[in-house]
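Enquirer: Going by the numbering used here, the sequence shown opens with residue 1, and the numbers climb by one from there.
C-beta: ideal position from N, C-alpha, C; glycine also.
What you are looking at is a predicted structure, and each value in this text was computed from that prediction instead of being measured.
Take a look at the following structure, please.
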Amino acid sequence: MSAAATDRRMDKLISVLVKNATVVLPGPKIASQIGVTRSTVWNYVGKLRALGVDIQGHTSSGYQLRTLPDILAPSLIQPELGDNEIGHKIIHYFRIDSTNSTALALATDGAGEGTVVVAEEQTSGRGRFGRKWYSEKSSGIYVSVILRPKLSPAAAPALTLMAGVAAHRALSAATGLAVDIRWPNDLLVNGKKVCGILTEMNAELGRLHHVVLGIGVNVNNKTMPSELGAIATSLRLEGKRSFSRAQILVSLLKELERCYAMLKTEGNAPVLRAWAKASSYAEGKAVRVRTSDEDFQAVTAGLDPTGMLRIRREDGREELLVSGEITEVKR
Ligand code: BT5
């Protein structure tokens, strides 16, 4: 792990400032509430300011929040989740290599189902097949959820699609934008990617030990790097306003709880139905298919019961895609 998790007391400082947003809080009072010295409070305030949190004041005058910070602090997220299993424990980092790497390591060490790792910034965010995930500081959501489903590894594709359905619901509800899902794991707005999902797992002898669902969402990015400009966007760029990352994360974790429960109690079918309803790519879409050894055109023809994508080649042959990538072909 490349960084230390956010100190519990720093998290408490955020919550104390937010709860008292309209008043000036004397430094010594904050210090005693969170159990640190005044100089540590000063130190924490400096760190928060470096992240763009607008805090007025000084140790001598007291501190006051000017605007509510959009930080994914556990003390702000957790109270919104009630008794949910997903998010009962949230580990927050200001900066980390990859939330998926950390979550995988924690899962190997025995972290429980529903443990969430979230960061304000990733220095080595990952996509599939070793690709990079651009993770700008404080603009996006970078979150990983540890699951321990009593399922066989064959259930893994359905878990990824389940996360796609949850993200689709959360992003649609939070923004009012028309969100599409491109098989298997991309969420698109106006044809460009705003969210990607990386499922990684540890399985052995026909049993899943643990699964880490990693979700990256571009929320308030004002621009995207030029190499991604044609294919990627943010909710802010499409919605023409900024959104609360904390609110979107809460909604995402709640939807994951719901969709995961649906998958466990009712099996794949309702999740796959929800996925097919939400995705314009499920059926009848002309696509270019790229797998590790092929590149061809086809038309999508629905999901199979495990979540693989059925495609019809130009010569009429149908087959199932397990992995790989599809992009729309404009006709
Ligand atoms: C994905 O991979 O879409 C999965 C991305 C998962 C990221 C999350 S963040 C939290 C957790 N921790 C991690 O380290 N990862 C997960 P893939 O389908 O392979 O797409 C990667 C491709 O998307 C790249 O090759 C780029 O073309 C493009 N891309 C990179 N960064 C992007 C971004 N921020 N927004 C949209 N597209 C991006």
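1. Could you tell me the distance, in whole angstroms, from the CA atom of residue 243 to the CA atom of residue 235?
2. Would you call residue 43 buried or exposed, if buried means 16 or more other Cβ atoms sit within 10 Å of its Cβ?
3. Report yes if the C-beta distance between residue 100 and residue 144 is below 8 Å; otherwise report no.
4. Hey, how far is the Cα of residue 96 from the Cα of residue 48?
5. Which residue marks the beginning of the alpha helix (DSSP H) containing residue 201, and which one marks its end?
6. Just reading off the alpha helix (DSSP H) that residue 164 is part of, what are its end residues?
7. Which one of 252, 155, 189 has the shortest CA to CA distance from residue 232?
8. Can you check DSSP and say which residues form a bridge with residue 89?
9. Could you tell me which residues DSSP puts in a beta bridge with residue 303?
10. Thinking residue 324 and residue 291 are a contact (beta carbons under 8 Å), I'd like their distance in whole angstroms, please.
11. Using only the alpha-carbon positions, how far apart do residue 279 and residue 301 sit?
12. Going by DSSP, what residues sit across from residue 318 in a beta bridge?
13. Which runs of the alpha helix (DSSP H), 4 residues or longer, sit entirely within the stretch 20-103?
14. Check whether the Cβ atoms of residue 214 and residue 198 lie closer than 8 Å to each other.
15. Using the rule of at least 16 other Cβ atoms within 10 Å of the residue's Cβ for burial, across every protein chain shown, is residue 23 buried or exposed?
16. Alpha carbon to alpha carbon, what distance is there between residue 11 and residue 254?
17. What does a CB cutoff of less than 6 Å around residue 155 pick up in its chain, not counting 5 residues either side in sequence?
18. I want to know whether the stretch 202-212 touches the stretch 167-181 - three or more CB-CB distances under 8 Å.
19. Under 8 Å between the Cβ atoms of residue 111 and residue 14?
20. Helix, strand or coil: how does DSSP classify residue 108 here?
21. To the nearest whole angstrom, what separates the beta carbons of residue 225 and residue 142, a pair I think is in contact under 8 Å?
22. Nearer than 7 Å: is that true of the beta carbon of residue 218 relative to any heavy atom of ligand 1?
23. Whole angstroms are fine: how far does the CA of residue 168 sit from the CA of residue 326?
24. Let me make sure I understand the geometry here. Which of 238, 131, 83, 295 has the alpha-carbon closest to that of residue 313?
25. Assign residue 329 to buried or exposed, taking buried as 16 or more other Cβ atoms, counted over all protein chains shown, within 10 Å of its Cβ.
26. Taking 7 Å as the cut-off, is the CB of residue 128 close to at least one heavy atom of ligand 1?
27. With a threshold of 8 Å, are at least 3 pairs of Cβ atoms found where one atom belongs to the stretch 122-132 and the other to the stretch 150-166?
28. Any heavy atom of ligand 2 closer than 7 Å to the beta-carbon of residue 230?
29. Would you please state the rounded distance, in angstroms, between the beta carbons of residue 107 and residue 202? I believe it to be under 8 Å.
30. Pop quiz: residue 166 and residue 256 are said to be a contact at Cβ under 8 Å. What is the actual Cβ separation, rounded to whole angstroms?
31. I believe residue 90 touches residue 63 by the beta-carbon criterion, under 8 Å. Please report the beta-carbon distance rounded to the nearest angstrom.
Expert: Walking through what the data contain:
1. 8 Å
2. exposed
3. yes
4. 16 Å
5. It is not in any alpha helix (DSSP H) - residue 201 instead sits in the beta strand (DSSP E) that spans 192-204.
6. 156-175
7. 189
8. 115
9. 309
10. 4 Å
11. 12 Å
12. 312
13. 27-34, 38-50, 74-77
14. yes
15. exposed
16. 21 Å
17. none
18. no
19. no
20. helix
21. Not quite, the Cβ-Cβ distance comes to about 16 Å (not below 8 Å), so this is no contact.
22. yes
23. 18 Å
24. 295
25. exposed
26. yes
27. no
28. Summarising the ligand content, the structure contains ligand 1 and does not contain ligand 2.
29. 7 Å
30. 4 Å
31. So it is not a contact: roughly 24 Å between Cβ atoms.
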